[in-house]
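Step one of this worksheet: look at the structure below.
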Amino acid sequence: MDSSTHSHFDVVVVGAGPAGIAAAVTASDCGATVGLIDDNPTAGGQIWRGEAHKTERSAATPWFERLVRSSVKKIHGARAFYVDDGMLAAEIADGTRTIAYRELILATGARELFLPFPGWTLPNVFGAGGLQALMKSGLPVAGKRILIAGTGPLLLAVAAYARKCGADVLGICEQTTMRKMMRFAAGAAAIPSKVADTIRLAWALRGIPHWTNSWPLAALGNERVERVRIVRDGEGHEIKCDYLACGFHLIPNVELARLAGCQIEDGFVEVDAWQQTSVPRIYCVGEPTSIGGVEMAVVEGRIAGCAAAGHREKARPLLRAREKYARFARELKDAFALRHELKAIAEPDTLLCRCEDVPLERARAFGSWRAAKLQTRCGMGPCQGRVCGSAAEFLFGWGTDSVRPPVFPVECASLASITSMGSSTGSSTGELI
Amino acid sequence: MPDTVTVRVNGRAVTVPAGATVAVAILAAGAISRFSVTGHPRAPFCGMGTCFECRSEINGQPHRRGCQILCEPGMNIQSDG
């Protein structure tokens, strides 16, 4: 890790999911030079993971075709860890890359919210989207007995995908109520593509039990998960399985936006009509601004792409579409809000922090995220609290919003590259050292 | 492009679909990725580069996130077990 390269673009987009691809292609079509950087080995983000190589056409296909045809410079396997004053730093397999931008579009997506419960650290317990990502990355699941749990529409998509891959999907434990689910489905009917998705999903899921008012209590097994204890309408049940896929909906990745000084409100990045954040020339699109699904992400990406390339007038026709999806986002939030019983599924000795093996009770005793970090090393491991910090926000109501560079663990050589970057741009990175 | 790729996980040959990640190879091998700081077995979990549970040594480079790296023929993956 000793090589460091440098490049410059009119517009740099961080994150090659639907929002980022739409932003990059749109800005490029408007005449800007565009760099698209992404942590993953290929473009698509989570929801379009692997879609670029599929033979069957989907909503993603036209965007991948446009991306390939465009002059967007794609930089994969690059993890952005620092941003300051017109300059971004990313770690790549064999070094670091500093990238200068005139305009920056953050399309950093979302991650899953994981809640601790006894046994959640056992091998073969995955996130729900986690199992989806692994299946899309080649994990064979044919013949595996899979239980899916947590909350949100993602659970249904994971179940359908697992079944398509030959898995035996035992059931879906959804923590929300049937009433809320039905109200949400009725609201989604206002968006034609969602209706089509729902019909397809219902067909794909026929025969798979879908339990509302249901959540996991414990994953049991010796070396890996063998059984899962769940509650269903107030009654306990035990289910034998090979894999448990469990996720409690999505939380936005706002670390880079926070580091850049963008205003964050209620966990989401604040943006204006053009998707611009409180920091001039920095835009934010997709899930970091609101959890609203793929269609909304694409519209936001297009708006920001036009605006960042200096063509706001081209974005104007898109504003109304965004409003329609914003309503969907609000309904999504209400329908899958987490019930308070989920705060009680972890035992005192259940690990809260997987990186540093800190039991929940030990962390809780310190009363705040900062004190728990200082006294127990909770949130101080390689994930930097992305898992346990988000859980602690829900479980204890703690604010975990401090962020400092690098926003991902990096090698010393990468840190050295940003100190030289700081001196070249005249900004202060001295506090890092 | 061949349909599969063969890598070594802890010295054992494992064949996975082309385009599979190192995390997938570790799971397909029935291996774990690491022992936690208090000695408990851990395996890939979030699948998207966030949790770092799948980190292992890849071609001699320590602490690589297996879910973000594609398998290449002959790749040498060393995990804690």
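Chains as they are written, first to last, in this note's numbering: chain A, 73 to 505; chain B, 1171 to 1251.
For each residue, glycine too, the CB sits at the ideal point set by N, CA and C.
In whole angstroms, give me the CA-to-CA distance for residue i and residue j.
i          : j          : result
A/Lys-396  : A/Val-366  : 13 Å
A/Phe-438  : A/Met-253  : 37 Å
A/Tyr-233  : A/Gln-204  : 7 Å
A/Val-479  : A/Phe-153  : 5 Å
A/Lys-216  : A/Arg-296  : 14 Å
A/Val-430  : A/Met-452  : 10 Å
A/Gly-92   : A/Lys-386  : 18 Å
A/Ser-486  : A/Val-371  : 34 Å
B/Leu-1197 : B/Asn-1180 : 12 Å
B/Leu-1240 : A/Ile-119  : 18 Å
B/Val-1194 : A/Cys-460  : 24 Å
B/Gly-1236 : A/Arg-411  : 34 Å
A/Glu-342  : A/Glu-359  : 12 Å
A/Pro-481  : A/Ala-179  : 20 Å
A/Leu-187  : A/His-383  : 43 Å
A/Gly-122  : A/Gly-210  : 10 Å
A/Cys-427  : A/Met-250  : 36 Å
A/Ala-401  : A/Pro-288  : 26 Å
A/Pro-477  : A/Gly-116  : 26 Å
A/Val-230  : A/Val-241  : 10 Å
B/Val-1177 : A/Arg-394  : 45 Å
B/Val-1186 : A/Leu-446  : 42 Å
A/Asp-314  : A/Gly-293  : 10 Å
A/Thr-41   : A/Ala-407  : Within the shown structure, residues of chain A are numbered from 73 to 505, placing residue 41 of chain A beyond reach of any answer.
B/Glu-1227 : A/Cys-450  : 24 Å
A/Thr-270  : B/Gly-1244 : 43 Å
A/Arg-235  : A/Leu-316  : 14 Å
Indicate whether at least one CB of chain B lies closer than 8 Å to the CB of residue i.
i         : result
A/Cys-237 : no
A/Asn-285 : no
A/Leu-459 : The identity of residue 459 of chain A in the sequence shown is Val, whereas the question assumes Leu. It does; some Cβ of chain B falls within 8 Å.
A/Cys-450 : no
A/Gly-89  : no
A/Pro-454 : yes
A/Gly-210 : yes
A/Thr-193 : yes
A/Asp-111 : yes
A/Glu-433 : no
A/Gln-348 : no
A/Glu-372 : no
Taking 8 Å as the threshold (beta carbon to beta carbon), is residue i in contact with chain D?
i          : result
B/Gly-1189 : Looking for chain D here will not work: the only protein chains present are A and B.
Within a Cβ cutoff of 7 Å, which residues of the same chain sit near residue i, ignoring the five residues on either side of it in sequence?
i          : result
A/Phe-468  : Arg-436
B/Met-1218 : Cys-1237
A/Leu-328  : Val-86, Ala-152, Val-155, Leu-178, Thr-180, Val-479
A/Ala-94   : Trp-135, Val-370, Gly-373, Arg-374, Gly-377
A/Glu-298  : Leu-292, Lys-312
8 Å is my cut-off, CB to CB: does residue i come that close to chain A?
i          : result
B/Pro-1214 : yes
B/Val-1177 : no
B/Ser-1338 : Lying outside 1171 to 1251, the shown extent of chain B, residue 1338 of chain B is not represented and no answer is given.
B/Thr-1208 : yes
B/Ala-1183 : no
B/Pro-1172 : no
B/Ala-1198 : yes
B/Pro-1243 : no
Beta-carbon within less than 6 Å of residue i's beta-carbon, same chain only, minus the 5 sequence neighbours each way: which residues are those?
i          : result
A/Asp-82   : Ala-104, Thr-105, Arg-174
A/Gln-70   : For chain A, the structure presents residues 73 to 505; residue 70 of chain A sits outside this window and is missing.
A/Leu-424  : Pro-188, Val-430, Leu-432, Ala-435, Cys-460
A/Leu-176  : Val-84, Ile-354
B/Asp-1250 : Arg-1204, Phe-1205
Can you list, in chain order, the residues of its chain with a C-beta nearer than 8 Å to that of residue i? Leave out the 5 residues immediately preceding and following it.
i         : result
A/Arg-304 : Cys-245, Trp-283, Asn-285, Ser-286
A/Gly-306 : Asn-285
A/Ala-214 : Cys-237, Gly-238, Ala-239
A/His-78  : Arg-169, Thr-170, Ile-171, Ala-172
A/His-309 : Arg-301, Ile-302, Val-303
A/Ala-463 : Leu-185, Phe-186, Leu-187, Pro-188, Leu-424
Closer than 9 Å, Cβ to Cβ, to anything on chain B: give me those residues from the region 396-430 of chain A, in chain order.
Leu-423, Arg-426, Cys-427, Glu-428, Asp-429
For the region 466-488 of chain A, enumerate the residues whose C-beta is nearer than 7 Å to any C-beta of chain B, in chain order.
none
May I ask you to list, following chain order, the residues of the region 170-189 of chain A that have a beta carbon less than 9 Å from some beta carbon of chain B?
Gly-181, Arg-183, Glu-184, Phe-186
So if I threshold CB-CB distances at 9 Å, which residues from the region 197-208 of chain A count as touching chain B?
Val-197, Phe-198, Gly-199, Gly-201, Gly-202, Leu-203, Gln-204, Ala-205, Leu-206, Met-207, Lys-208
Would the region 93-103 of chain A count as touching the region 374-393 of chain A if we require 3 or more Cβ pairs under 8 Å?
yes
Selection of the region 299-310 of chain A by Cβ proximity to chain B, strictly under 9 Å
none
Could you please tell me which residues of the region 1218-1233 of chain B, in chain order, have their CB closer than 8 Å to any CB of chain A?
Met-1218, Gly-1219, Thr-1220, Cys-1221, Phe-1222, Glu-1223, Arg-1225, His-1233
For the region 122-153 of chain A, which residues have a beta carbon sitting closer than 9 Å to at least one beta carbon of chain B?
Gly-122, His-125, Gly-149, Arg-151
Per the contact definition of three or more C-beta pairs closer than 8 Å, is the region 251-269 of chain A in contact with the region 156-173 of chain A?
no
Are at least three pairs of beta-carbons, each pair with one atom in the region 268-284 of chain A and one in the region 134-154 of chain A, less than 8 Å apart?
no
Touch check for the region 329-340 of chain A and the region 181-200 of chain A: three-plus C-beta pairs under 8 Å?
no
Spell out a yes or no on whether the region 123-132 of chain A and the region 223-230 of chain A are touching, meaning 3 or more CB-CB pairs, one atom from each, closer than 8 Å.
no
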